[in-house]
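Asker: Under my numbering, the first residue of the sequence shown carries the number 2, and numbering increases by one thereafter.
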Amino acid sequence: MQIVAQVFIGVVAALHAYFLVLEMFLWQRPPGRALSGFDAETARLTATLAANQGLYNGFLAAGLVWSLVTGSLATQVFFLVCVIVAGVYGAATANRRILVAQALPAALALGAALSAA
Numbered sequence: 002m003q004i005v006a007q008v009f010i011g012v013v014a015a016l017h018a019y020f021l022v023l024e025m026f027l028w029q030r031p032p033g034r035a036l037s038g039f040d041a042e043t044a045r046l047t048a049t050l051a052a053n054q055g056l057y058n059g060f061l062a063a064g065l066v067w068s069l070v071t072g073s074l075a076t077q078v079f080f081l082v083c084v085i086v087a088g089v090y091g092a093a094t095a096n097r098r099i100l101v102a103q104a105l106p107a108a109l110a111l112g113a114a115l116s117a118a
């Protein structure tokens, strides 16, 4: 079960690294605009906000990678709970898809990590 938990945590980290790239570097290009659903002008106007959001996603990815490197269950739980809270908040305030794309994978990883402990 430990390997399953590590794979799930790695997937969540990879997702957040992908979100970083989309939000920081591709926001005004087709992949970023497909994610947001914004037209070119709205994407241009919100690019700085998206880059800030992408940076935070990068910190979550880095924390999850760090939790795998150290093997610390407490660190894994902390960062996975941060991702879940961010996903629930994003689903409530921005787009319900965030619940499935962000919170659900983190919840599965958290369940696996706690089961493996």
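All C-beta atoms, glycine included, are put in the ideal place defined by N, C-alpha and C.
Please confirm if the segment 35-43 is in contact with the segment 65-73, defined as three or more CB-CB distances below 8 Å between the two stretches.
Answerer: no
Asker: Just to confirm, does Tyr57 get its C-beta within under 7 Å of one of the non-hydrogen atoms of the ligand GTP?
Answerer: For the structure depicted, the ligand GTP is absent and the ligand set is empty, with no information on it obtainable.
Asker: So, for Ala87: in the same chain, excluding its five sequence neighbours on each side, which residues have a beta-carbon less than 7 Å away from its beta-carbon?
Answerer: Exclusion of the five residues before and after Ala87 leaves Gln103 as the residues of its chain whose Cβ lies within less than 7 Å of its Cβ.
Asker: Under the three-state reduction of DSSP, which class applies to Asn58: helix, strand or coil?
Answerer: helix
Asker: Can the beta-carbon of Met2 be found closer than 8 Å to that of Ala93?
Answerer: No. Outside cutoff.
Asker: What does the Cβ neighbour count give for Leu56, buried or exposed, with the cut at 16 atoms within 10 Å?
Answerer: The residue is exposed, with fewer than 16 neighbouring Cβ atoms inside 10 Å.
Asker: Under 8 Å between the Cβ atoms of Leu65 and Val13?
Answerer: yes
Asker: How many whole angstroms separate the CB atoms of Ala110 and Phe9, which I take to be in contact at a CB cut-off of 8 Å?
Answerer: 4 Å between Cβ atoms; contact.
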